[in-house]
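S.K.: Pasting a structure below so you can have a look.
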């Protein structure tokens, strides 16, 4: 549904996006992550035809952003970080105006406005002035204007920015309800939002793509070997630790929280070692009760910070680990 190949965008001597490539399939919700200035907004502006690429190609719904920009715009619903609303208009009148602007046939406008008002739960405020609505309702109006022409692709830039936790939850539920019917690119700084809503993550840093993967796969990425969490009952913590350290392939054993009556550990394996079977065998053969054993992945926050860390920061971190 979205295909980007070797896309580059320069502003004079500054290269905002450097030869990036990725694809988004039909019906996917994809999280687009990056620090401020990483190139997220530039990429979205190219995809929505606000900016032409310097080089490379990008297509949306099969249409080229440079050669078929009008067709691309017809197939995209865009919600910028600040929704394009007219605060002096009523919700109903504004959505009618947008429907006409986006070329919906006049006989169908009223029906389509009613449909998006129901879809975005705006019924109780449809006759109210937009400027007097809460931030959460204004965001819903922004989403309603993005989907009113029923585009196959939605590009949402920070759709829950500035919302309170309850409003964020409601906005997430609304976005999730749109998946399947729409392919969605969701740019956000809220990592928990990506975990709850997105099937795939694209991480951009300094204008370059540094990761494209599913949320589940990213969680199991580690800088070193496998990490395993263990809880054991009916044993002395020191004895268990010493036994685990003797297992082949184990690099490091550290204490971890565990329920009363149990002891817990995190075990880091050497690269290329899968130590879970041997760890389980060691516990059982020692006569202790193994109550929990599972792999531990990095959190999305840890992965994001690791992948977007500057070379200077990486050098400092490596020096600290060596010491």
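Numbering (our numbering), first residue to last: 17 to 339. Beta carbons: idealized from backbone N, C-alpha and C, even for Gly.
Could you pull out every residue in the same chain whose Cβ sits closer than 8 Å to the Cβ of residue 183, ignoring the five residues on either side in sequence?
M.R.: Cβ within range, chain order: 150, 151, 152, 155, 176.
S.K.: What separation, rounded to the nearest whole angstrom, lies between the Cα atoms of residue 172 and residue 95?
M.R.: Each residue's Cα considered, the two are about 5 Å apart.
S.K.: On a CA-only basis, which of 144, 291, 39, 92 is nearest residue 169? Give me that one, please.
M.R.: Minimum Cα distance to residue 169 is reached at 92.
S.K.: Who are residue 32's beta bridge partners in DSSP?
M.R.: DSSP, once it has assigned bridges, lists no residue as partnering residue 32.
S.K.: Tell me the rounded alpha-carbon separation between residue 300 and residue 306.
M.R.: Near 7 Å, if we compare the C-alpha coordinates of residue 306 and residue 300.
S.K.: Beta strand (DSSP E) containing residue 217: first to last residue?
M.R.: 216-221 is the extent of the beta strand (DSSP E) around residue 217.
S.K.: Give me the Cα-Cα distance between residue 196 and residue 22, rounded to the nearest whole angstrom.
M.R.: Between residue 196 and residue 22, the C-alpha separation is close to 28 Å.
S.K.: Return yes when the Cβ of residue 107 is within less than 8 Å of the Cβ of residue 88, no when it is not.
M.R.: Against a cut-off of 8 Å, the Cβ pair of residue 107 and residue 88 comes out as no contact.
S.K.: Does the Cβ of residue 118 lie closer than 7 Å to at least one heavy atom of the ligand GTP?
M.R.: Absence of the ligand GTP from the depicted structure is noted, as is the absence of any ligand whatsoever, leaving it without description.
S.K.: Quick check: the Cα distance between residue 61 and residue 163, rounded to an integer number of angstroms?
M.R.: If I take the Cα positions, the gap works out to 18 Å.
S.K.: Specify the secondary structure class of residue 224 as computed by DSSP and reduced to three states.
M.R.: DSSP places residue 224 in strand when its eight states are reduced to three.
S.K.: What is the DSSP secondary structure of residue 2, counted as helix, strand or coil?
M.R.: Here the chain covers residues 17 to 339 and nothing more, so residue 2 does not appear.
S.K.: Taking Cβ positions, are residue 244 and residue 312 nearer each other than 8 Å?
M.R.: Cβ distance < 8 Å, so residue 244 and residue 312 count as in contact.
S.K.: Within the same chain, show all residues whose beta-carbon is closer than 6 Å to that of residue 39, passing over the 5 residues directly before and after it, in chain order.
M.R.: Cβ within range, chain order: 19.
S.K.: Looking at the unbroken beta strand (DSSP E) that takes in residue 201, where does it start and where does it end?
M.R.: Note, residue 201: beta strand (DSSP E), 199-203.
S.K.: Fully enclosed by the stretch 253-315, which alpha helix (DSSP H) runs are 4 residues long or longer?
M.R.: Runs found: 253-261, 292-301.
S.K.: Taking all protein chains shown into account, decide if residue 290 is buried (16 or more other Cβ within 10 angstroms of its Cβ) or exposed.
M.R.: Counting Cβ neighbours within 10 Å, residue 290 comes out exposed, since fewer than 16 surround it.
S.K.: What residue does the alpha helix (DSSP H) around residue 248 start on, and which one ends it?
M.R.: Where residue 248 is concerned, there is no enclosing alpha helix (DSSP H), although the beta strand (DSSP E) it sits in stretches over 243-249.
S.K.: Whole angstroms are fine: how far does the CA of residue 198 sit from the CA of residue 254?
M.R.: The straight-line gap from Cα to Cα measures roughly 55 Å.
S.K.: Taking DSSP as the reference, what is the three-state secondary structure of residue 55?
M.R.: Note: residue 55 maps to coil in three-state DSSP.
S.K.: For residue 221, does the count of other Cβ atoms within 10 angstroms reach 16, so buried, or fall short, so exposed?
M.R.: Counting Cβ neighbours within 10 Å, residue 221 comes out buried, since at least 16 surround it.
S.K.: Are the beta-carbon atoms belonging to residue 50 and residue 324 less than 8 Å from one another?
M.R.: Yes, these two residues count as a Cβ contact at 8 Å.
S.K.: On the three-pair Cβ rule with 8 Å, is the stretch 30-49 touching the stretch 203-219?
M.R.: At 8 Å Cβ cutoff, the stretches touch.
S.K.: Rounding to the nearest angstrom, what Cα-Cα distance links residue 28 and residue 34 in this structure?
M.R.: About 14 Å.
S.K.: In angstroms, rounded to a whole number, what distance separates the CA positions of residue 233 and residue 43?
M.R.: C-alpha separation (whole angstroms): 19 Å.
S.K.: State yes or no: is the C-beta of residue 104 within less than 8 Å of the C-beta of residue 147?
M.R.: Yes, Cβ-Cβ distance for residue 104 and residue 147 is below 8 Å.
S.K.: Consult DSSP for residue 163 and reduce its assignment to one of helix, strand or coil.
M.R.: Reduced to three states, the DSSP call for residue 163 is helix.
S.K.: Terminal residues of the continuous beta strand (DSSP E) containing residue 46?
M.R.: Note, residue 46: beta strand (DSSP E), 45-49.
S.K.: Which residues does DSSP pair with residue 367 in a beta bridge?
M.R.: Since the first residue of the chain shown is 17 and the last is 339, residue 367 is not available in this structure.
S.K.: Between the C-alpha atoms of residue 194 and residue 213, what's the straight-line distance to the nearest angstrom?
M.R.: One C-alpha to the other measures close to 11 Å.
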